[in-house]
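What the sequence shown shows, in this note's numbering, is residues 200 to 786, in sequence order. Glycine included, each C-beta is placed from N, C-alpha and C at the ideal position. Just so we're clear, the structure is a prediction, and the values are computed from it rather than from any experiment.
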Amino acid sequence: MTRLAVVKKENCKGGIDCPYICMSACPVNRTGKECITKISRNSKESKIQIDEKLCIGCGICVKKCPFEAISIINLPEELKESPIHRYGKNGFALYSLPIPMFGKVVGIIGRNGIGKSTALNILAGIQKPNFGGEEEKGYDGLIEFFKGTEAQIFFEKVKAGKIRTSYKIQNVELILRHYSGSVRALLEKADEKGKLSEIAEKLELSRIMDRGIAQISGGELQKVAIAATALKDANLYIFDEPSSYLDVKQRIKVSRFIKSLADEKTAVLVVEHDLIILDYMTDLMHIMYGKEGCFGVVSLPKATRIGINIYLSGFLKEENMKFREHTIKFFAKPPIDIKRQSELLSWQGIRKKLGGFTLTSNSGTLYKHQTIGILGENGIGKTTLIKIFAGVEKAEGEISKNVTVSYKPQYISTESEQLVMELLHTAIEKYTAELINPLEIKPLLTKTIKHLSGGELQRVAIVECLSKEADLYLLDEPSAYLDVEQRLAVSKVIKDFAERRNTTILVVDHDLMFIDYLSEKLIVFDGVPAISGNASEVLSMKEGMNAFLTDLGITLRRDLETLRPRINKEESRKDRTQKAEGKLYYE
Numbered sequence: 200m201t202r203l204a205v206v207k208k209e210n211c212k213g214g215i216d217c218p219y220i221c222m223s224a225c226p227v228n229r230t231g232k233e234c235i236t237k238i239s240r241n242s243k244e245s246k247i248q249i250d251e252k253l254c255i256g257c258g259i260c261v262k263k264c265p266f267e268a269i270s271i272i273n274l275p276e277e278l279k280e281s282p283i284h285r286y287g288k289n290g291f292a293l294y295s296l297p298i299p300m301f302g303k304v305v306g307i308i309g310r311n312g313i314g315k316s317t318a319l320n321i322l323a324g325i326q327k328p329n330f331g332g333e334e335e336k337g338y339d340g341l342i343e344f345f346k347g348t349e350a351q352i353f354f355e356k357v358k359a360g361k362i363r364t365s366y367k368i369q370n371v372e373l374i375l376r377h378y379s380g381s382v383r384a385l386l387e388k389a390d391e392k393g394k395l396s397e398i399a400e401k402l403e404l405s406r407i408m409d410r411g412i413a414q415i416s417g418g419e420l421q422k423v424a425i426a427a428t429a430l431k432d433a434n435l436y437i438f439d440e441p442s443s444y445l446d447v448k449q450r451i452k453v454s455r456f457i458k459s460l461a462d463e464k465t466a467v468l469v470v471e472h473d474l475i476i477l478d479y480m481t482d483l484m485h486i487m488y489g490k491e492g493c494f495g496v497v498s499l500p501k502a503t504r505i506g507i508n509i510y511l512s513g514f515l516k517e518e519n520m521k522f523r524e525h526t527i528k529f530f531a532k533p534p535i536d537i538k539r540q541s542e543l544l545s546w547q548g549i550r551k552k553l554g555g556f557t558l559t560s561n562s563g564t565l566y567k568h569q570t571i572g573i574l575g576e577n578g579i580g581k582t583t584l585i586k587i588f589a590g591v592e593k594a595e596g597e598i599s600k601n602v603t604v605s606y607k608p609q610y611i612s613t614e615s616e617q618l619v620m621e622l623l624h625t626a627i628e629k630y631t632a633e634l635i636n637p638l639e640i641k642p643l644l645t646k647t648i649k650h651l652s653g654g655e656l657q658r659v660a661i662v663e664c665l666s667k668e669a670d671l672y673l674l675d676e677p678s679a680y681l682d683v684e685q686r687l688a689v690s691k692v693i694k695d696f697a698e699r700r701n702t703t704i705l706v707v708d709h710d711l712m713f714i715d716y717l718s719e720k721l722i723v724f725d726g727v728p729a730i731s732g733n734a735s736e737v738l739s740m741k742e743g744m745n746a747f748l749t750d751l752g753i754t755l756r757r758d759l760e761t762l763r764p765r766i767n768k769e770e771s772r773k774d775r776t777q778k779a780e781g782k783l784y785y786e
């Protein structure tokens with residue numbers, strides 16, 4: 200059995216706050232052999248190093264380490280080959296790679312921290328694989344490694360210069376660090392096809408072409424990055440999380456655009472955490488599994504529907520691999536209109552003017568013990584409405600409320616030097632089982648807010664919001680930066696929390712599956728982004744979804760095997776039937 204010993208260097212305190220407990224506890228060390236040793240990084244600290252050949256896999260060091268810096272993993276027998284890449288001794292290891300296919304959009308599904316971006320960087324030629332050794336190797340190493348497979352042919356074409364790659368990175372904010380000109384100038388520089396006007400029109404960028412790149416929104420920046428990638432004269436397009444910052448309508452349009460890039464001479468590879476969009480966009484997919492920060496494995500390709508269902512089940516039958524202890528389940532949930540009795544908050548004639556934008560809402564009522572989703576385009580007033588309810592913004596009109604509010608904003612400050620355990624002391628004392636454990640907060644407790652990743656910060660902010668005593672909880676885009684499993688975990692936590700605490704929760708989000716899973720009612724926005732927005736009254740799921748899906752031009756059904764929501768293929772018999780009957784949302 201192959202054994203991996205992984206040391207998270209950022210967690211290892213190197214003798215400063217820990218007297219090397221792992222070394223003294225290791226039974227191999229106690230026999231006089233050097234399984235766990237120190238390696239000096241500078242004059243002030245020495246991290247530990249583990250000899251995987253001497254390690255017996257007892258796990259004592261894992262349990263003894265107070266900072267959760269060590270992971271000992273006994274890999275399955277199926278992983279006999281060396282990794283494609285490893286980040287040094289006791290570092291993260293990646294096994295196998297996803298393989299693009301011409302004429303297809305191939306998706307990648309998996310948790311954060313298991314090597315998706317590493318795999319894409321290797322395919323794009325940004326990072327050279329080392330196959331577990333110290334020296335980097337080029338395409339010759341990949342050709343030899345995948346000898347006898349379709350991947351060998353692919354990498355031979357790459358080596359021969361027959362495949363040119365265009366890659367949209369995950370963190371589009373990095374564009375702002377390296378470019379400060381106009382959108383037009385950036386896209387003109389990227390345009391190798393002479394299709395700038397056509398692609399700008401398809402992605403609705405025409406009206407912002409002469410703006411500075413620093414003056415556009417996150418969603419606009421994402422679409423600019425997608426356009427710049429598509430304008431390159433390439434035959435392999437890679438998109439890492441293309442739906443981030445986009446609203447549902449934009450996600451559908453971008454999905455259609457990305458699908459249109461694949462033809463017999465062009466392959467497309469996509470990493471995406473929005474399951475409905477991933478399902479809608481891709482033809483095939485690779486499942487990536489493993490342990491975050493330790494190792495990642497790329498499965499053989501599957502048909503998209505089958506691949507997503509396998510991922511939700513947590514078991515790869517062909518590889519005989521169980522990669523999750525539990526199955527992620529959905530439930531047949533007909534849109535039941537529950538009548539609540541105890542009024543919590545009501546409003547009449549809300550009007551708020553922000554520069555050239557005007558938000559209105561004629562009326563609405565929130566009742567106790569409700570979970571309400573809020574849907575609408577970007578720039579149409581959803582966050583403004585939430586801020587009005589939170590008391591952050593003032594507005595014209597009547598709001599009858601005498602309620603305490605807990606509010607998680609859309610954008611979370613990252614400048615604090617405070618420890619997570621200090622911020623979440625109430626949650627640790629009262630809600631460990633309800634919040635800390637299901638959202639995997641324990642490994643973050645000794646970190647400072649400033650050093651959390653986007654997904655970590657999001658989970659901490661959600662826990663902080665829900666741990667406060669309040670009558671009304673307001674969560675603005677809680678699924679942002681979270682992977683598929685984290686999104687489903689958060690939606691379950693929110694839903695269960697509302698039921699146990701008999702409280703009311705309003706959630707703004709752009710992930711339809713996320714909203715569908717947790718919502719009992721909906722508020723739907725219409726209007727013109729950046730000009731006017733109108734919030735509906737509180738609608739039943741059936742009314743709200745029908746209104747929203749009509750605007751999108753899509754219909755939803757449930758997967759027969761997993762009951763997860765799926766978008767019907769446009770102009771399919773089911774799509775036409777549901778539209779004809781006016782039942783765009785499944786019943």
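Segment limits, beta strand (DSSP E) that includes Y338
First-last for Y338: 338-344, but that is the alpha helix (DSSP H), not the beta strand (DSSP E).
Closest by CA to I505, which one among T761, F529, I437, E780?
T761
Using 8 angstroms for Cβ pairs, my map puts G302 next to A461. What's the rounded Cβ distance?
6 angstroms
Worksheet item: V727 by DSSP, collapsed to three states: which one?
Response: strand
Alpha-carbon to alpha-carbon, E742 and G578: 23 angstroms
With a 10 Å radius around its C-beta and 16 neighbouring C-beta atoms as the bar for buried, classify N601 as buried or exposed. exposed
Check your understanding: Are there 16 or more other CB atoms within 10 angstroms of the CB of R765, so buried, or fewer, so exposed?
Key -> buried
Q: Note down the Cα distance separating Y610 from A389, rounded to an integer number of angstroms.
A: 30 angstroms
Handout entry: Sequence-distant residues of its chain with Cβ nearer than 7 angstroms to K490 (five each side left out)
Key = S270, I272
_Whether or not the region 545-554 and the region 687-695 are in contact is what I'm after, with contact meaning three or more pairs of Cβ atoms, one per stretch, closer than 8 angstroms; do they touch?_
no
Start and end of the alpha helix (DSSP H) containing Y479? 474-480
(Q) If the criterion is Cβ atoms closer than 8 angstroms, does the pair M740 and K768 meet it? (A) no
Through-space distance from L386 to S459, alpha-carbon basis: 19 angstroms
TODO: Provide the residue span of the alpha helix (DSSP H) that contains Q540, from first to last.
DONE: First-last for Q540: undefined, no H or E at that position.
F747: first and last residue of the uninterrupted beta strand (DSSP E) it sits in: Premise fails: F747 lies in the alpha helix (DSSP H), 740-751, not in any beta strand (DSSP E).
Would you identify the three-state DSSP class for G489, choosing helix, strand or coil? strand
Over what stretch of residues does the alpha helix (DSSP H) that includes S586 continue unbroken? Residue identity check: residue 586 is Lys in the sequence provided, not Ser. Taken as a continuous stretch (DSSP letters only), the alpha helix (DSSP H) holding K586 covers 581-589.
| Where in the region 698-725 do unbroken runs of the alpha helix (DSSP H), each at least 4 residues long, occur, reported from the N-terminal end onward? | 711-717
Spell out the partners DSSP gives E595 in its beta bridges.
-> R550
inquiry  = Here's a check: name, in chain order, each residue in its chain whose Cβ is nearer than 8 angstroms to the Cβ of V619, leaving out the five neighbours to either side.
reply    = I640, L643, L644, T645, K646, T647, I648, L651, V659
field: Buried or exposed (CB count within 10 angstroms, at least 16 for buried), A531
entry: exposed
*Measure the alpha-carbon distance for G380 versus A323 and round it to whole angstroms.*
26 angstroms
Out of A413, D250, S454, T583, state which residue places its alpha-carbon closest to the alpha-carbon of D439. S454
In the DSSP assignment, the alpha helix (DSSP H) including A429 goes from what residue to what residue?
417-430
**Prompt:** So what does H284 bridge to, in DSSP terms?
**Reply:** L293
- [ ] Round the Cβ separation of A433 and T481 to the nearest angstrom and send it over; I've been treating them as touching at under 8 angstroms.
- [x] Not really, about 19 angstroms apart at Cβ, beyond 8 angstroms.
Going by other Cβ atoms of all chains shown within 10 Å of its Cβ, with 16 needed for buried, is K586 buried or exposed? buried
Check: At what residues does the alpha helix (DSSP H) containing A268 begin and finish?
Finding: A268 -> no alpha helix (DSSP H), and no H or E assigned at all.
If you measure from the CB of A426, is any heavy atom of the ligand NAD nearer than 7 angstroms? This structure lacks the ligand NAD, and indeed carries no ligand of any kind.
| task | Please check the pair M520 and P275, which I expect to be a contact at CB under 8 angstroms, by giving their CB distance rounded to whole angstroms. | result | 6 angstroms
**Request:** Rank I425, D725, R450, T564 by C-alpha distance to the C-alpha of L558 and give the top, closest one.
**Result:** D725
* Can you pull the DSSP bridge partners for K521? -> F514
* E419 burial status per 10 Å Cβ neighbour count (16 or more: buried) -> buried
Would you identify the three-state DSSP class for S562, choosing helix, strand or coil? strand
**Prompt:** For I507 versus L474, is the C-beta spacing smaller than 8 angstroms?
**Reply:** yes
Practice problem: Count the C-beta pairs between the region 705-713 and the region 660-675 that are closer than 8 angstroms, then say yes if the count reaches three, no if not. | Solution: yes
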